[in-house]
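Worksheet for the structure shown next.
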Amino acid sequence: MKYSGLVWKNLRRNRRRTILTAISVAVALFLFVALQSVLTALAAAGNVGSESRLVTRSATGITFPLPQSYFQRLGGTEGVKGVSWGDWFGGIYIDQRNFFAQFAIDAERYLAMYPEIQVPEDQKKAFLAERASAIVGRGLMNRFGWNLGQTVVLKGTVYPGDWEITIRAVYTPGTKSFPDNVMYLRYDYVYERSNHAAEPGWYILKLDDPASAAALASRIDGLFKNSSSPTKTETEKAFQAGFVTMWGNIGFLVRAIGIAVFFAILLVAANTMMMAARERIGELAVLKALGYPNWLVSSFVLVESLVITLSGGVVGIVLARLALSRTGGPLAQFFPGFSVTTGTVMTGLGIATVLGVVSGIVPAWQAARLSVVTALRQVA
Amino acid sequence: MALVEVRSVSKSFQRDTQKITVFEGVDLDVAEGEFLALMGPSGSGKSTMLNLLAGLDQPTSGTICVGGDEITQMSPKRLTAWRARHIGFVFQFYNLLPVLTAFENVELPLLLTRLSKAERREHVATALEVVGLTDRGSHYPRQLSGGQEQRVGIARAIVSDPTMILADEPTGDLDAKSADEILNLLQRLNTEFKKTIIMVTHDAKASERAQAVMHLEKGVFVR
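The listed protein sequences derive, respectively, from chains A and B.
If you're matching positions, the first sequence starts at 1 in the working numbering and goes up one per residue.
If you're matching positions, the second sequence starts at 1001 in the working numbering and goes up one per residue.
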């Protein structure tokens, strides 16, 4: 501790440079935390969904609907305990920037199949009693400052027109990974107002026995193999994972950006420490002439480097946590369960430490190897 | 028995393929409590000898004993610890750390000891008092004159009560008045505090303050 004053005074020697370096590390760590949280959310998204529910969709693609008549045939399949369906509504609330997911659902059966959508009983009854109504996630309510009973207008894209929807229920997710920013509309209302143009986008099947999921999925797809709308059936978990694979390249890109940022900041920090050590080579030599051992002199350089990167890192991580966790952040609407995890924070601190050690190790080593006689002759 | 015994010391450097011999087979004795001035023309090896005596450099051959310790046999680690305990170094260009106050600069050698903070304060205050800078402890080097900076350098050299003080051209960067003050101070340290001082200088006036003068000429010390 008796040397801390010396380290502190050296850090203050060129305050502007020290602060700018710490800020660059802070920005890098802020980016890291944001990008890593996206990756964590992507990985978590792959685990969303149940193994005991199957999703049957068009084999051609998720945007192609399936016939209503499949409901009966799916329900009659052995091993299927219940069937419901949903469809992408795709309305715009005021402006396209206010994007959020809206699903038209086969209300009663769908809610029975999803215990994750937790709604007070009276609100659920109100939703089921009124066709032009919706269940809205708590996060979405907070985002737009909506109130229960409020009517919102959605501009239809798939189903044209202005859709006045009254919020009759607010759900809270039963699990952390289940999104809290979805609006569920009533399919029967959409079907009626669209002049029967609506069709199920996908079917949800509840299974008797999750162990039979693979065999059942294969059997179901076999049923519709030669029809005009062949199906692709998989567990809900695999269905969600399929969405995540669409983000696969983004995951790679995010990692690549993260690594590039890391190395850029490493160079900045290393350059700063090299400059800081080089410009006081004579002072380091004086310390050694006074009897300071090599390890102590190099420790000063290394500790300075660590103080800069760790202080910058802590600032970056704290700011990222405040910006992304406290308000939910803009990324939360795209990635359900998006949050800055303790693991991400610890990894960030680890990176700041590695940055400090790696950028300080060369000047520290040079300080240890410094010839006192040569260095003093240089500064004379 | 002399405090410093230099026996058959040679020092040469290799520059590219050329071997440069600074001196060869030099002998030197310095008694305890002596104030010795080493003189000689530029490049004669005065500062090199001082560096050897401080354990900052190693001779090519020969032995150097200080207070019975053969420093030429010590490992670099041991030599560093020995230097902290036995050598007080005064530099020509003061070499104070600009980010530290005069007090903190003087305290630097004491940080290597086991003294408590209060004890360190006491020692530093005494050293600053000896050099007459009690009221300048909180000043930074840039706020001091050259003479004052050198006095802080001397306070730093004596604060840990070393066996000997090695001064490399301590007045080389000072005006006549300041140089005189520094020489007075060194003389006082020698007479009043019985400090052994070896001073390198090429200023004949400065060397007059020493008890003994040795000239290094053509690799040989001449009294």
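The beta carbon of each residue, even a glycine, is placed where N, CA and C say it ideally should be.
Proximity to residue i [Cα-Cα], best of the options
{"i": "residue 389 (chain A)", "options": "A:217, A:62 and A:227", "result": "Here chain A covers residues 1 to 380 and nothing more, so residue 389 (chain A) does not appear."}
{"i": "residue 195 (chain A)", "options": "A:159, A:85, A:173 and A:361", "result": "A:159"}
{"i": "residue 402 (chain A)", "options": "A:91, A:135, A:121 and A:6", "result": "Residue 402 (chain A) falls outside the range modelled here, since chain A spans only 1 to 380, and no answer is possible."}
{"i": "residue 58 (chain A)", "options": "A:70, A:50 and A:52", "result": "A:70"}
{"i": "residue 345 (chain A)", "options": "A:23, A:14 and A:36", "result": "A:36"}
{"i": "residue 1064 (chain B)", "options": "B:1088, B:1009 and B:1110", "result": "B:1009"}
{"i": "residue 989 (chain B)", "options": "B:1145, B:1054 and B:1159", "result": "Because chain B spans 1001 through 1223 in this model, residue 989 (chain B) falls outside it and cannot be assessed."}
{"i": "residue 7 (chain A)", "options": "B:1099, B:1145, B:1132 and B:1119", "result": "B:1099"}
{"i": "residue 1189 (chain B)", "options": "B:1027, B:1035, B:1081 and B:1018", "result": "B:1035"}
{"i": "residue 1028 (chain B)", "options": "B:1152, B:1012, B:1136 and B:1052", "result": "B:1052"}
{"i": "residue 212 (chain A)", "options": "A:278, A:3, A:54 and A:42", "result": "A:54"}
{"i": "residue 94 (chain A)", "options": "A:154, A:200 and A:377", "result": "A:154"}
{"i": "residue 1171 (chain B)", "options": "B:1156, B:1159, B:1149 and B:1164", "result": "B:1149"}
Start and end residues, beta strand (DSSP E) containing residue i
{"i": "residue 1064 (chain B)", "result": "1061-1066"}
{"i": "residue 1207 (chain B)", "result": "Not the beta strand (DSSP E): residue 1207 (chain B) falls in the alpha helix (DSSP H), residues 1204-1207."}
{"i": "residue 1005 (chain B)", "result": "1004-1015"}
{"i": "residue 137 (chain A)", "result": "133-137"}
{"i": "residue 281 (chain A)", "result": "Per DSSP, residue 281 (chain A) belongs to no beta strand (DSSP E); it is in the alpha helix (DSSP H), 281-289."}
{"i": "residue 57 (chain A)", "result": "53-58"}
{"i": "residue 1019 (chain B)", "result": "1018-1030"}
{"i": "residue 1212 (chain B)", "result": "1212-1217"}
{"i": "residue 1039 (chain B)", "result": "1035-1039"}
Distance between residue j and residue i (C-alpha atoms, nearest Å)
{"i": "residue 81 (chain A)", "j": "residue 204 (chain A)", "result": "11 Å"}
{"i": "residue 1030 (chain B)", "j": "residue 1199 (chain B)", "result": "12 Å"}
{"i": "residue 5 (chain A)", "j": "residue 1049 (chain B)", "result": "34 Å"}
{"i": "residue 172 (chain A)", "j": "residue 127 (chain A)", "result": "15 Å"}
{"i": "residue 1042 (chain B)", "j": "residue 17 (chain A)", "result": "40 Å"}
{"i": "residue 210 (chain A)", "j": "residue 51 (chain A)", "result": "6 Å"}
{"i": "residue 306 (chain A)", "j": "residue 1175 (chain B)", "result": "43 Å"}
{"i": "residue 321 (chain A)", "j": "residue 1173 (chain B)", "result": "56 Å"}
{"i": "residue 1084 (chain B)", "j": "residue 1116 (chain B)", "result": "17 Å"}
{"i": "residue 151 (chain A)", "j": "residue 202 (chain A)", "result": "27 Å"}
{"i": "residue 1058 (chain B)", "j": "residue 1110 (chain B)", "result": "25 Å"}
{"i": "residue 164 (chain A)", "j": "residue 186 (chain A)", "result": "12 Å"}
{"i": "residue 1090 (chain B)", "j": "residue 282 (chain A)", "result": "14 Å"}
{"i": "residue 27 (chain A)", "j": "residue 253 (chain A)", "result": "18 Å"}
{"i": "residue 162 (chain A)", "j": "residue 314 (chain A)", "result": "48 Å"}
{"i": "residue 1097 (chain B)", "j": "residue 1138 (chain B)", "result": "13 Å"}
{"i": "residue 1133 (chain B)", "j": "residue 1161 (chain B)", "result": "18 Å"}
{"i": "residue 29 (chain A)", "j": "residue 312 (chain A)", "result": "8 Å"}
N- and C-terminal bounds of the alpha helix (DSSP H) containing residue i
{"i": "residue 382 (chain A)", "result": "Any property of residue 382 (chain A) remains undetermined from this structure, which presents chain A solely from 1 to 380."}
{"i": "residue 1124 (chain B)", "result": "1117-1130"}
{"i": "residue 189 (chain A)", "result": "187-193"}
{"i": "residue 1047 (chain B)", "result": "1046-1053"}
{"i": "residue 127 (chain A)", "result": "121-129"}
{"i": "residue 1086 (chain B)", "result": "1076-1086"}
{"i": "residue 297 (chain A)", "result": "294-321"}
{"i": "residue 1185 (chain B)", "result": "1176-1191"}
{"i": "residue 221 (chain A)", "result": "213-223"}
{"i": "residue 1152 (chain B)", "result": "1146-1158"}
{"i": "residue 6 (chain A)", "result": "4-11"}
{"i": "residue 1106 (chain B)", "result": "1102-1107"}
{"i": "residue 110 (chain A)", "result": "107-113"}
{"i": "residue 168 (chain A)", "result": "No alpha helix (DSSP H) holds residue 168 (chain A); the beta strand (DSSP E) holding it covers 161-173."}
Partners in chain A for residue i, counting only beta-carbon separations shorter than 8 Å
{"i": "residue 1021 (chain B)", "result": "The premise fails here: residue 1021 (chain B) is roughly 17 Å from chain A at the closest Cβ pair, so nothing lies under 8 Å."}
Contacts that residue i makes with chain A (C-beta to C-beta distance below 9 Å)
{"i": "residue 1108 (chain B)", "result": "6, 286, 287, 290 and 292"}
{"i": "residue 989 (chain B)", "result": "Residue 989 (chain B) lies beyond the range of chain B shown here (1001 to 1223); nothing can be said about it."}
{"i": "residue 1090 (chain B)", "result": "Those within 9 Å of residue 1090 (chain B) in chain A number zero; the least Cβ separation is about 11 Å."}
{"i": "residue 1127 (chain B)", "result": "The contacting residues do not exist; residue 1127 (chain B) stays about 14 Å from chain A at best."}
{"i": "residue 1084 (chain B)", "result": "290, 291, 292 and 293"}
Under 9 Å from the C-beta of residue i: neighbouring residues of chain B
{"i": "residue 279 (chain A)", "result": "What residue 279 (chain A) touches in chain B: nothing, since even the nearest Cβ is about 11 Å away."}
{"i": "residue 12 (chain A)", "result": "1099"}
Chain A contact residues for residue i, given Cβ-Cβ distances below 7 Å
{"i": "residue 1056 (chain B)", "result": "289, 372 and 373"}
{"i": "residue 1195 (chain B)", "result": "Within chain A, no residue comes near residue 1195 (chain B); the closest Cβ sits about 17 Å away, beyond 7 Å."}
Residues that residue i contacts on chain B, provided the C-beta gap is smaller than 8 Å
{"i": "residue 3 (chain A)", "result": "1111"}
{"i": "residue 304 (chain A)", "result": "By Cβ distance, chain B contributes nothing, its closest Cβ being about 12 Å from residue 304 (chain A), past 8 Å."}
Residue i Cβ short of 7 Å to the ligand ZN heavy atom set
{"i": "residue 1095 (chain B)", "result": "In the structure shown, the ligand ZN is absent, as is every other ligand, since no ligand is present at all."}
Within chain B, partners of residue i - CB distance below 7 Å
{"i": "residue 282 (chain A)", "result": "1095"}
{"i": "residue 9 (chain A)", "result": "1099 and 1100"}
### Query
Looking at C-beta atoms only, is the number of pairs between the region 1179-1193 of chain B and the region 1201-1212 of chain B that lie closer than 8 Å three or more?
Yes, since at least three Cβ pairs between the region 1179-1193 of chain B and the region 1201-1212 of chain B fall closer than 8 Å, the two stretches touch.
### Query
Between the region 1033-1047 of chain B and the region 356-370 of chain A, are three or more C-beta pairs nearer than 8 Å?
The region 1033-1047 of chain B vs the region 356-370 of chain A: no contact.
### Message
Quick check: the region 95-102 of chain A against the region 173-187 of chain A, are at least 3 beta-carbon pairs closer than 8 Å?
### Response
A contact exists between the region 173-187 of chain A and the region 95-102 of chain A.
### Message
Can you confirm whether the region 215-233 of chain A touches the region 139-153 of chain A when touching is taken to mean that 3 or more C-beta pairs between the two stretches lie within less than 8 Å?
### Response
These segments do not touch.
### Task
Could you tell me whether the region 288-308 of chain A touches the region 257-274 of chain A, where touching means 3 or more Cβ pairs closer than 8 Å?
The count of Cβ pairs closer than 8 Å, one atom from the region 288-308 of chain A and one from the region 257-274 of chain A, reaches three, so the stretches are in contact.
### Query
Any contact of the region 352-361 of chain A with the region 292-306 of chain A, i.e. 3+ C-beta pairs under 8 Å?
Touching, per the Cβ criterion.
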